[in-house]
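Have a look at the structure below before the remarks.
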Amino acid sequence: GRPTDLRDLGVARWAGGRKCATLGPMATLTKIPDGFRVELSPLEKVGALSPDVTVTWTQVRRVTYLDQPRTELHGLRAPGTGLPGVVYLGTWRTWERKTFVAAYRHDPGYVIDLEGHDFDRLIVSGERVPFLESAHLDG
């Protein structure tokens, strides 16, 4: 059946500027045979106006884990969702770069530079992922 409460969908509720519920599940980085996938929850897909993003190891140039990866976010959101200081989902563009973002608040996460992919960079909030930490990258 369908959820009857927005909390069942992972939607944040705000009252008087205070956060009353969580934002729900965050994007996850999942290992696949030849690379990894940024898997979004159904609500994140709506907010990002994007499906999951799949990357092969040959496309990865650099992986960096930062305390606040969203500080690496530049450009204009098009398309996607952005609430400053809360959530950043979707595509950010500059003249030189196209970045896919699934970042929350000031949470730590990854900045992943790519080559030969539709995106030049990924910015994804989340805990450290062992398979990314041990990736052997060419380039």
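The sequence shown begins at 1227 in the numbering used here and counts up one residue at a time. Even glycine gets a Cβ: it sits at the ideal position worked out from N, Cα and C.
For TRP1318, the secondary structure class from DSSP, reduced to helix, strand or coil, is strand. About 12 angstroms separates the beta carbons of LEU1309 and VAL1327, which is beyond the 8 angstroms limit, so they are not a contact pair. In the structure shown, GLU1341 adopts coil according to DSSP, grouped into three states. Comparing alpha carbon positions, the residue from LEU1358, ARG1296, TRP1283 and TRP1321 closest to ASP1260 is TRP1283. VAL1272 and ARG1323 have their alpha carbons spaced roughly 23 angstroms apart.
C-alpha of TRP1318 to C-alpha of GLY1311: approximately 16 angstroms in a straight line. Below 8 angstroms, enough C-beta pairs join the segment 1289 to 1297 and the segment 1349 to 1361 to call them touching: three or more. Contact between LEU1255 and VAL1355 holds, since their C-beta atoms are separated by about 5 angstroms, short of 8 angstroms. Its chain contains GLY1311 and VAL1312 as the residues whose beta carbon lies nearer than 7 angstroms to that of ARG1331, once the 5 sequence neighbours on both sides are disregarded; these appear in chain order. In the structure shown, GLY1273 adopts helical secondary structure according to DSSP, grouped into three states. Straight-line spacing of the CA atoms in THR1297 and THR1325 works out to 13 angstroms. LEU1358: member of the alpha helix (DSSP H) spanning 1356 to 1359, first to last residue. Residue environment: GLU1270 is assigned as buried (16 or more neighbouring CB atoms within 10 Å of its CB, all protein chains considered).
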